[in-house]
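**Q** In terms of this note's numbering, the sequence shown is residues 1 to 68.
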Amino acid sequence: MVCFCFLVDQTRKVRQSKPAAGICSRCGGGASVADMKTATRFCYVPFYWKNWRAIICTFCGAILRSYR
Ligand SMILES: [Zn+2]
């Protein structure tokens, strides 16, 4: 199953974001509510998408909280 690991990867994209209250616990930067899109690819061909929402740090990109 080693080959399988190399063939599958995930890309994460922020579709849109807007400022939110709160600060990052890692760097102290500003937080924002972001609509995220995660695509799972097999041999570089996307076959599964997931849209989700999270609070991320605008400075370091850390995910502070995620909603399903
Ligand atoms: Zn941060």
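By construction, the Cβ of each residue, glycine as well, lies at the ideal position given by its N, Cα and C atoms. Just so you know, these numbers come straight off a predicted model, no measurement behind them.
(1) For methionine 36, tell me which candidate among Cys24, Phe47, Lys18 has the shortest Cα-Cα distance.
(2) Label isoleucine 23 either buried or exposed according to how many other C-beta atoms from any shown protein chain fall within 10 Å of its C-beta, with 16 as the threshold for buried.
(3) Is it buried or exposed for alanine 34, if we count other Cβ within 10 angstroms and need 16 for buried?
(4) Suppose the cutoff is 8 Å on Cβ atoms and the five residues either side in sequence are ignored; what does the same chain contact list for leucine 7 look like?
(5) Check each residue's C-beta against every heavy atom of ligand 1 and list, in chain order, those closer than 6 Å.
(6) What are the boundary residues of the beta strand (DSSP E) that cysteine 57 is part of?
**A** The short version:
(1) In the sequence shown, the residue the question calls residue 36 occupies position 36. Measuring from the Cα of methionine 36, the nearest candidate turns out to be Lys18.
(2) Here residue 23 refers to the residue found at position 23 of the sequence shown. By the neighbour-count rule (16 or more Cβ atoms within 10 Å), isoleucine 23 is not buried but exposed.
(3) Indexing the sequence shown from 1 puts residue 34 at position 34. Alanine 34 comes out buried.
(4) For the purposes of this step, residue 7 is taken as residue 7 along the sequence shown, with counting starting at 1. So the list reads Phe42, Cys43, once near-sequence residues are dropped.
(5) Cys24, Arg26, Cys27, Gly29, Cys57, Phe59, Cys60, Ala62
(6) On the sequence shown, position 57 is the one that residue 57 refers to. 45 to 57 is the span of the beta strand (DSSP E), which, as asked, contains cysteine 57.
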